Every structure is written in structure tokens, then in C-alpha cells.
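Engineer: Below is the structure I would like to discuss, written out as C-alpha cells.
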Amino acid sequence: MRVYDLILKKRNGGELTREEIDFLISGYVDGTIPDYQIAALTMAVYFQGMTKNETLELTYAMVRSGDTVSLSKIPGIKVDKHSTGGVGDSTTLVLAPLVAAAGVPVAKMSGRGLGHTGGTLDKLESIPGFKVDLSAAEFFQAVREAGAAVISQSGNLVPADKKLYALRDLTATVDSLPLIAASIMSKKLAAGADALLLDVKTGNGAFLKDPEQSFTLAEAMVEIGTGAGKRTVAIITNMDQPLGRAVGNALEMEEAIRILRGEGPADLEELCLILGGHMLLLAQKSSTAESGAAALKELISSGAALEALRRMITTQHGESRVVDDTSLLPRARHSVTVPAGASGFVCRLKAEAVGLGAMMLGAGRITKESKINLAAGVTLLKKVGDRVESGEALALLHTDHEPASSVVEEVRALISEAYACSREATGPPPLVLGYVDQKGVTRLKNL
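Counted from 1, the sequence shown has number 376 at position 372 by the working numbering; the numbering is strictly sequential.
Pasting the structure below:
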């Protein structure tokens, strides 16, 4: 078969077969099909879309392009949780030890932050000594000992996705829903979990800002997971304002520890309990997500969840005293306040602007090669619904830049503009907009 004919077929709205998709993916990975032809193909997919079967076969072909992980040596039902990325999203830092404390093994491969969204590995590496590059044997041993381990992805896990994503990034085809679904799910299927929980973010600070697109993506990913024989549930969650009050690597790690102590922000704790409840349901450890969430709340209250984090840190060679003394985490040299320009109630807090501000202070990467400052970031002293007086601090910037520097002044202005106040009190936005599972879509809010 000829690549030209397959590009033409897709351009004209035809459906590619399994054999044709396999030919394209294997040829692109081994270098026999050049970038410019796959670039044309991805643009054709962008405009014509893909059928459910095409998206499924593309995902499978991408999984077959490299190594896969077998978690069969770890007893029990392994549940993986994936977030599409947001601001202040430290849920994995909480959920890995919390769910492990409930007897569900968590063997997770995670990524690093890029742009305004943070990465779980960077947050964990703010713990002195914490090691994310474990061998397969060390990984399995860590899960057996601590119940949970979070490591970096294998170098040859889904190489097709690495090549395709880099190409899509350069050809304005990143936001093709079938390609997004195949990219995410190929990595999840290759990672070997028995069941999948997908946290699909929507709103201002999310990759997909339109809720309808987020529901469509969630449906596509659940279909792929279910088709692959994995119990899969997606939860569509709100990212109009950041989760919790910390944005930045060490800051979010500290906040996760506070959640496990029972001292953290209510919105972050609530979402962690909702997600965790579904993980327990998928692992057949609870009869409903609600009863699972209640069990997890008790594990926080009893201190069992915090001890699970201590074990996880120890098995990954980190300084476990950080659980008791968060001053061991990196600290920025300076703290700079962002004052309110008027009195009233916070009615808006743009998550994307906060994430960009944290990135500019050094907490995030502009490119994959960028170095980050683990101590940098933003603490949100006020969120939607909070009362504020003129001149009162809205947020705190943590930075190694001098307070009078142009970078800090620019970030102060950016964060200040992210806030809006009104005379009337506004309640916080809903955390969860809906669910998708093999039975269909459940919407909790009229969109």
C-alpha cells in the first residue's frame, strides 16, 4: 500500500482499516515514512475526524509500537488515575498513598510539567532524595512494600506517541480529539493497570476549555478503555480556578501533606475523596463511590493515609521526615504580596493566568529542556467566594527573583488581573460537572 493513497482516503473522509493504521504507525516509528506525510495525515484527521473504530485501532497500534508494562507480579486490582492537566492539581500526590492505605495497589507512571500545568514527578522531587527513576524490579518492590509508587515513564513506552505529539505540536493539530484520546489512552494501556480513572479537566486552566469538548473526549477515552477490556470511568472536573491554594512544586507537595493530615483546603480534599472513592469502586474495595470516599475520609482521620505517604517516600529513597516537618521542602528566598485593588467578594480567579505566573517565577517549563525552581510558585490567599478588603493580600508570590525585578512585577500584574471582585457574594464553582462510564454520560450541571 502507498502512504499517498491513505492520506487521500482520509482527506476525502474515508475510514482507515486496522492494517492501514498499523502500516502508517509502524512506518513512522521505524523511519520509512517521513514526517511530512504523517503531518499531512494528522491534518486530514484534524478536519475529517476519526470513527470510533479508527480511534481504537490507532490507540492499539501506538501501544504495539514499543514496550508494555506487566503489573501481574503485583497482587490485587491495579487502578491508574490520569488527569488531563490543570493548575494546582496535586491529586495524585494525595491519592497514591490514600488509596494504598485502603489496600488498593497504586503502580503509577507519571510525567513532568510543561507550560502552565504542573507535573507530578517535579512535585515529588521537591522531597529531598526522592527517586523517580526506578528499575522495573525496584518499582514492583516499592509497590509491594509501600502499597504505592510513582515513577517516570519508560524510555520506550509508546514511542509512536512521542513522535506524533512532537509533530502535532509543530503542525497545529494538537487539539484533535481523536488524536488526544489515542495519545492519552495508548500510554495508559501500555502502563498495565487493570482499571482506569480519568480526571478530564475543563474550563479556564484546562487544556480543553469547552465543557462539551471535554465530555466528548471523556466518552472517546472510556470507549477505548472499555474496548481494551479495562474498567474505565471518566470524571469531568472544573478547572476555572486552581485547585487548592498552592501552585508550584514544593508548595503543592506541602499542601498534599496537609490534606493527608486533615488540614488541607476543602475543595482539594473533596475532589481527592471523590476521585479516590471511584478508584476504590473500580478496585472492588467498595460497593459505591460514596462509601469508598467515606472510608478514605476515615483513613485521613486515623493517620493511616499519612503513614502510607511516609512508607512511599521511604521506599523511593526520599527524606520521610518531611511528613512531619514540611520546612525540609525547598523554600524560595522571597515572598511578595499581590494586593486587592478593591473591596468585595472574589467572583473570578483565572486558573490559566495563575499557572502562567507560577511558570514565569520558575515553577514550570517553557520547553521540555527548561530547568525549574522547585521552591517557586503562588499561594492563593483568596479564592472565589471569599471576602476581600481593598489593599488586603490576594496572593503570595514565592520567588528567588528580587522583589523589585521586572519578572516579579509582571507576575504581580498578571495575578492581580486574574482576580475579579463583585459586591455580591458568589459561591465557589462546582467541582464536578459529570461522569462517563460504559453505561453512558451523567451530567451534574446544565452547560
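Positions of the beta carbon are idealized from the N, C-alpha and C atoms, including for glycine. A quick note: this is a predicted structure, and the numbers were derived from the prediction, not measured.
CA-CA distance, Gly90 and Ala100?
Structural biologist: By 1-based counting over the sequence shown, the position of residue 90 is 86. By 1-based counting over the sequence shown, the position of residue 100 is 96. A straight-line Cα-Cα distance of about 18 Å links Gly90 and Ala100.
Engineer: Quick one: grab the DSSP three-state call for Leu435.
Structural biologist: In the sequence shown, the residue the question calls residue 435 occupies position 431. Three-state DSSP puts Leu435 in coil, outside helix and strand.
Engineer: With H, G and I counted as helix, E and B as strand and the rest as coil, what does DSSP make of Asn253?
Structural biologist: Here residue 253 corresponds to residue number 249 of the sequence shown, with the count starting at 1. Three-state result, Asn253: helix.
Engineer: Classify Arg352 as helix, strand or coil using the three-state DSSP reduction.
Structural biologist: Working through the sequence shown from its first residue, we reach residue 352 at position 348. If DSSP states are grouped into helix, strand and coil, Arg352 belongs with the strands.
Engineer: Is it the case that the segment 140-152 contacts the segment 71-84, given that we only count it when at least three CB pairs across the two stretches are under 8 Å?
Structural biologist: yes
Engineer: On the criterion of 16 or more Cβ atoms from any shown chain inside 10 Å, does Asn160 qualify as buried, or is it exposed?
Structural biologist: As a first step, residue 160 is located in the sequence shown; it is residue number 156 there, counting from the start. Asn160 is exposed by the Cβ-count criterion.
Engineer: Between which two residues does the beta strand (DSSP E) containing Pro3 stretch?
Structural biologist: Within the shown structure, residues of the chain are numbered from 5 to 451, placing residue 3 beyond reach of any answer.
Engineer: In chain order, what residues of the same chain lie with their CB nearer than 6 Å to the CB of Asp26, ignoring the 5 residues before and after it?
Structural biologist: Position 22 of the sequence shown holds residue 26. Once the five neighbours on either side are set aside, the close Cβ partners of Asp26 are Ala65.
Engineer: With distances taken from CA atoms, which of Met364, Val382, Thr383 is nearest Ser374?
Structural biologist: As a working mapping, residue 374 is identified with position 370 in the sequence shown. Taking only the C-alpha atoms, the option nearest Ser374 is Met364.
Engineer: Based on Cα-Cα distance, which residue from Ala299, Glu396, Phe211, Ala48 lies nearest to Asn16?
Structural biologist: Here residue 16 refers to the residue found at position 12 of the sequence shown. For Asn16, the nearest C-alpha among the options comes from Ala48.
Engineer: State the Cα-Cα distance for the pair Leu451 and Leu272, rounded to the nearest angstrom.
Structural biologist: The residue you call residue 451 lines up with position 447 of the sequence shown. The residue you call residue 272 lines up with position 268 of the sequence shown. Confidence in Leu451 is poor, its pLDDT being 47 and thus under 50, which makes the residue's placement unreliable; the coordinate value appears in the next sentence. In a straight line, the C-alpha of Leu451 is about 23 Å away from that of Leu272.
Engineer: Note down, in chain order, each residue of its chain lying with its Cβ closer than 6 Å to the Cβ of Ala424, except the 5 sequence neighbours on either side.
Structural biologist: Numbered from its first residue, the sequence shown carries residue 424 at position 420. For Ala424, where only same-chain residues beyond five positions count, the Cβ hits under 6 Å are Cys351, Arg352.
Engineer: Count the other C-beta atoms from every protein chain shown that fall within 10 angstroms of the C-beta of Phe134, then say buried if there are 16 or more, exposed otherwise.
Structural biologist: On the sequence shown, residue 134 is found 130 positions in, with the first residue counted as 1. With 16 or more Cβ atoms within 10 Å of its Cβ, Phe134 is classed as buried.
Engineer: Which whole-angstrom value describes the C-beta separation of Gly3 and Ala380, a residue pair presumed to lie in contact below a C-beta threshold of 8 Å?
Structural biologist: This structure gives no information on residue 3, because the portion of the chain shown stretches from 5 to 451.
Engineer: Determine the DSSP secondary structure at Met363, reduced to helix, strand or coil.
Structural biologist: Walking along the sequence shown from the start, residue 363 turns up at place 359. If DSSP states are grouped into helix, strand and coil, Met363 belongs with the helices.
Engineer: Output the boundary residues of the beta strand (DSSP E) element that contains His405.
Structural biologist: The sequence position of residue 405 within the sequence shown is 401, counting from 1. No beta strand (DSSP E) holds His405; DSSP gives it neither H nor E.
Engineer: How is Ile240 classed by DSSP in three states: helix, strand or coil?
Structural biologist: Here residue 240 corresponds to residue number 236 of the sequence shown, with the count starting at 1. In the structure shown, Ile240 sits in a strand (DSSP, three-state: E or B).
Engineer: Is it buried or exposed for Pro182, if we count other Cβ within 10 angstroms and need 16 for buried?
Structural biologist: Taking the sequence shown and counting its residues from 1, the one referred to as residue 182 is at position 178. Under this definition Pro182 is a buried residue.
Engineer: Would you kindly report the start and end of the unbroken beta strand (DSSP E) that includes Asp9?
Structural biologist: On the sequence shown, residue 9 is found 5 positions in, with the first residue counted as 1. No beta strand (DSSP E) contains Asp9, which is instead part of the alpha helix (DSSP H) from 7-15.
Engineer: Closest by CA to Thr319, which one among Ser187, Arg148, Phe219?
Structural biologist: Residue numbering aside, residue 319 sits at position 315 when the sequence shown is read from its first letter. If we check each option's Cα against that of Thr319, Arg148 comes out closest.
Engineer: Quick one: residues in its chain with C-beta nearer than 7 Å to the C-beta of Asp9, no 5 flanking neighbours on either side, listed in chain order?
Structural biologist: Numbered from its first residue, the sequence shown carries residue 9 at position 5. If we look at Asp9 and ignore the five residues flanking it on each side, it has no Cβ neighbours.
Engineer: By how many angstroms is the C-alpha of Val340 removed from the C-alpha of Leu4?
Structural biologist: With the chain covering 5 to 451 only, the question about residue 4 has no answer from this structure.
Engineer: For the candidate residues Glu258, Leu286, Thr46, Glu24, whose alpha-carbon lies nearest to that of Asp84?
Structural biologist: In the sequence shown, counting from the first residue as 1, residue 84 sits at position 80. Taking only the C-alpha atoms, the option nearest Asp84 is Leu286.
Engineer: List, from N- to C-terminal side, the beta strand (DSSP E) runs of 3 residues or more that fit wholly inside the segment 46-71.
Structural biologist: Whole beta strand (DSSP E) segments, 3+ residues: zero.
Engineer: Using a Cβ-based criterion (distance less than 7 Å to any ligand heavy atom), does Ala48 qualify as near the ligand MG?
Structural biologist: Although the ligand MG was asked about, the structure shown includes no ligands whatsoever.
Engineer: May I ask you to verify whether the segment 276-292 touches the segment 314-328, counting CB pairs closer than 8 Å and requiring at least 3?
Structural biologist: no
Engineer: Is the segment 341-350 close to the segment 213-229, with three or more CB pairs under 8 Å?
Structural biologist: no
Engineer: Under 8 Å Cβ to Cβ from Pro163, same chain only, skipping five residues before and after it: list those, please.
Structural biologist: By one-based count along the sequence shown, residue 163 stands at place 159. Hits under 8 Å: Val33, Ser69, Gly70.
Engineer: Using the three-state DSSP reduction, which class does Asp126 fall into: helix, strand or coil?
Structural biologist: Numbered from its first residue, the sequence shown carries residue 126 at position 122. Helix at Asp126.
Engineer: Report the option in Thr177, Thr55, Gly281 whose CA atom is closest to the CA atom of Thr95.
Structural biologist: To locate residue 95, count along the sequence shown from 1; it is residue 91. Nearest option by C-alpha distance: Gly281.
Engineer: For the beta strand (DSSP E) holding Lys112, just list the boundary residues, first then last.
Structural biologist: Sequence index remark: in the sequence shown, residue 112 carries index 108 (1-based). It spans 110-114 - the beta strand (DSSP E) in which Lys112 sits, taken as one unbroken run.
Engineer: How many angstroms separate the CA atom of Ser130 from the CA atom of Val7?
Structural biologist: Taking the first residue of the sequence shown as position 1, residue 130 is located at position 126. Taking the first residue of the sequence shown as position 1, residue 7 is located at position 3. Their Cα atoms are separated by approximately 46 Å.
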